[in-house]
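Peer 1: Residue numbers (the numbering used here), protein chains in the order written: chain A, 1 to 154; chain B, 1001 to 1419.
Even glycine gets a Cβ: it sits at the ideal position worked out from N, Cα and C.
Because the structure is a prediction, the values reported are computed rather than measured.
Take a look at the following structure, please.
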Ligand SMILES: Cc1cc2nc3c(=O)[nH]c(=O)nc-3n(C[C@H](O)[C@H](O)[C@H](O)COP(=O)(O)O)c2cc1C
Ligand code: FES
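This is how it looks when you write it as structure tokens:
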């Protein structure tokens, strides 16, 4: 169930748009910000609020890479694998993270601490190889930088 | 060299209103609204030879001119800040370092096309850009640069900052409109074109962040001045984004028509470790790759088109002599296979097939027909899809196979020898 505070936040969001449904992406971002993922219940709540079919909300959630249907780790590495990053060693970085955390891309450690995702161009190719660490961009990646971030989380 | 788009970059607090106002900030908007008619603004932009810097290079003034005046529906301006084209990162710099320049461009553009509402669609990964722009918009409302009767005039304008959620296809203008309406990003069939039926079915102009940021200086300094900065029918400067095997990756604002050689060797510091150049992507990953002996080309829309590539989004990716071009093609193909939205069968099925074929070639498990089939597969994607994504797969992946064919053939021979 959506709390009354959150409903107020949604009212503010939808007021910006000519059609309520246009607020779907920002509304899903807001839910994920609170819960860390988008559950079937959240999909149903948002659908009801916006007056659109649940299946439509689910379709959108599954279409966009940034919406998660499973809980991600506290420390989520999203490493870019596209050309500029690949030319500067992204493959090694992805392999390194995978090895020390024993993770394949798309997986989360059993303790819920770490997730690894492999993503396409983050629009920060000048700092290749680059990743998003949760929401922050970390560029010119080295194994040392990865080690430090892992140490901080543990 | 005179900096136009990046004139405020690097100043302390360059994103703040008071800093923007110090350097003729919002004077162009005031001049347009109080001293020019919308038609005069459009004519000025036409004369300036400003072309769309999102990738297609469409003349901006002409695009604005397509908005029907008699249509009673509201008109919208949608700013494309999806910046998904690999190799491109200029809009992020504008959004974070000089967001007021974009806002002023939005005001002038809305005035010209008779719109009172603009949406800025920014890719969801750009959290900092989204926050910076939202802060600046809030401040602009408070100070009377946005809202009702801006700057003491009778012109009203609202600006909404909207986050994407991670999908390359949403940079395509009609997919972006779908996404903005709260749907998955499937490109629309054209016609109708957005100028007639765009956002919420209303007349809409879609422009890239950098394109609109060029507008205020044109109003202040005149169309001739801007046209002269560039070359031929490509007015002004643009921001080139240089990445890959160069000593100084980064953004470089330079005149349209600067040679690729000058950009790589003089501005981006050349190639590390004294290595030789092998190949360059000149305008984002969708652009056909160039070989080392093609880099005397002038970097503008017409010159690159003339040699079979494209200026695209200004993303230059440099590859040195150690680069395996089958590997490079595989990464490009993987990108398209990952990002195909799945709406059109030739693209959905074809992009995956192309990737699997090149992957086999790279890993030495391909048979001769896997290479022989490649041109046929890519040519059956291009021209057979709703949006230009399919053409990009054909043009870009096709160029690696045709220009570096011997490397592809070598992969087959290597394998045959091993057996
Ligand atoms: C697959 C695809 C992806 C695109 N991605 C972007 C993008 O990320 N940013 C952008 O400004 N234009 C992008 N474009 C171009 C837009 O469709 C459109 O031409 C542009 O936003 C128009 O603005 P402009 O005339 O100012 O360049 C893309 C086009 C295609 C076909
Ligand atoms: S290729 Fe990695 S950020 Fe662009």
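Is residue 1169(B) near ligand 1, going by C-beta to nearest heavy atom under 7 Å?
Peer 2: Because some heavy atom of ligand 1 lies under 7 Å away, the Cβ of residue 1169(B) counts as near it: yes.
Peer 1: Go through its chain and collect everything with a Cβ distance to residue 1247(B)'s Cβ below 8 Å, but skip five positions before and after it.
Peer 2: 1268, 1269, 1270, 1271 and 1272
Peer 1: Quick check: is any heavy atom of ligand 2 less than 7 Å from the C-beta of residue 122(A)?
Peer 2: yes
Peer 1: DSSP on residue 1022(B), reduced to helix/strand/coil?
Peer 2: helix
Peer 1: Residues of chain A with CB closer than 8 Å to the CB of residue 1123(B), please, in chain order.
Peer 2: Chain A residues near residue 1123(B): 123.
Peer 1: Which residues does DSSP pair with residue 131(A) in a beta bridge?
Peer 2: 79(A) and 138(A)
Peer 1: Check residue 1078(B) in the structure and name its three-state DSSP category.
Peer 2: strand
Peer 1: How many angstroms separate the CA atom of residue 1276(B) from the CA atom of residue 69(A)?
Peer 2: 46 Å
Peer 1: Helix, strand or coil for residue 1419(B) per DSSP?
Peer 2: The predicted position of residue 1419(B) is uncertain, since its pLDDT is 46 and thus under 50; no value can be drawn from it.
Peer 1: Taking 8 Å as the CB-CB cut-off, is residue 10(A) touching chain B?
Peer 2: no
Peer 1: Tell me the rounded alpha-carbon separation between residue 87(A) and residue 94(A).
Peer 2: 13 Å
Peer 1: Chain B partners of residue 126(A), CB-CB under 8 Å?
Peer 2: The answer, in chain order, is 1089, 1241, 1242, 1243, 1249, 1250 and 1251.
Peer 1: Output needed for residue 1046(B): all residues of its chain with C-beta closer than 6 Å, excluding positions within five of it in sequence on either side, in chain order.
Peer 2: These residues qualify, in order along the chain: 1061.
Peer 1: Terminal residues of the continuous alpha helix (DSSP H) containing residue 1016(B)?
Peer 2: Counting along the chain, residue 1016(B) falls outside any alpha helix (DSSP H), and DSSP gives it neither H nor E.
Peer 1: Along the chain, where does the beta strand (DSSP E) containing residue 114(A) start, and where does it finish?
Peer 2: 114-119
Peer 1: Counting only beta-carbon separations shorter than 8 Å, does residue 83(A) have a partner in chain B?
Peer 2: yes
Peer 1: Between residue 1419(B) and chain A, is any beta-carbon pair separated by less than 8 Å?
Peer 2: Summary for residue 1419(B): the model assigns pLDDT 46, below 50, so the residue's position carries little reliability; its value from the coordinates is reported in the next sentence. It does not: the Cβ of residue 1419(B) has no partner Cβ on chain A nearer than 8 Å.
Peer 1: Give the C-beta separation of residue 1286(B) and residue 1256(B) to the nearest angstrom, bearing in mind that I take them to be a contact with Cβ-Cβ under 8 Å.
Peer 2: Not really, about 19 Å apart at Cβ, beyond 8 Å.
Peer 1: Give me, in chain order, the residues of the same chain whose beta-carbon lies closer than 8 Å to that of residue 61(A); leave out the 5 immediate sequence neighbours on both sides.
Peer 2: 28, 38, 43, 67 and 69
Peer 1: List the residues of chain E that residue 1338(B) touches, going by C-beta distances under 7 Å, in chain order.
Peer 2: Here chain E cannot be found, since the structure's protein chains are A and B.
Peer 1: Can you give me the C-alpha to C-alpha distance between residue 1196(B) and residue 1069(B), rounded to a whole angstrom?
Peer 2: 10 Å
Peer 1: Closer than 9 Å, Cβ to any Cβ of chain A: which residues of the stretch 1195-1219 of chain B, in chain order?
Peer 2: 1199, 1200 and 1202
Peer 1: With distance defined between alpha-carbon atoms, name the residue in 146(A), 128(A) and 77(A) nearest to residue 90(A).
Peer 2: 128(A)
Peer 1: Beta-carbon of residue 6(A) versus every beta-carbon of chain B: anything under 8 Å?
Peer 2: Contacts with chain B at 8 Å (Cβ-Cβ) do not include residue 6(A).
Peer 1: Thinking C-beta only, is residue 1123(B) closer than 8 Å to residue 1082(B)?
Peer 2: Going by C-beta atoms, residue 1082(B) is nearer than 8 Å to residue 1123(B).
Peer 1: Applying the 10 Å Cβ sphere with the 16-neighbour rule, what's the burial state of residue 41(A)?
Peer 2: exposed
Peer 1: What are the residues that DSSP puts in a beta bridge with residue 1241(B)?
Peer 2: 1251(B) and 1315(B)
Peer 1: So, is the C-beta of residue 145(A) closer than 8 Å to a C-beta in chain B?
Peer 2: no
Peer 1: Please classify residue 1406(B) as buried or exposed, where buried requires at least 16 neighbouring CB atoms within 10 angstroms.
Peer 2: exposed
Peer 1: Does the stretch 1083-1090 of chain B come into contact with the stretch 1236-1246 of chain B, if we say contact requires no fewer than three beta-carbon pairs (one atom in each stretch) closer than 8 Å?
Peer 2: Yes: the two stretches touch, three or more of their Cβ pairs being nearer than 8 Å.
Peer 1: Three or more beta-carbon pairs under 8 Å between the stretch 1094-1106 of chain B and the stretch 1024-1040 of chain B, yes or no?
Peer 2: At 8 Å Cβ cutoff, the stretches touch.
Peer 1: When the Cα of residue 102(A) is compared with those of 12(A), 150(A), 20(A) and 131(A), which residue comes out closest?
Peer 2: 150(A)
Peer 1: May I ask which residues mark the beginning and end of the alpha helix (DSSP H) holding residue 24(A)?
Peer 2: 24-35
Peer 1: Quick one: give me the first and last residue of the beta strand (DSSP E) that residue 1046(B) is part of.
Peer 2: Counting along the chain, residue 1046(B) falls outside any beta strand (DSSP E), though it belongs to the alpha helix (DSSP H) covering 1038-1047.
Peer 1: Would you call residue 1293(B) buried or exposed, if buried means 16 or more other Cβ atoms sit within 10 Å of its Cβ?
Peer 2: exposed
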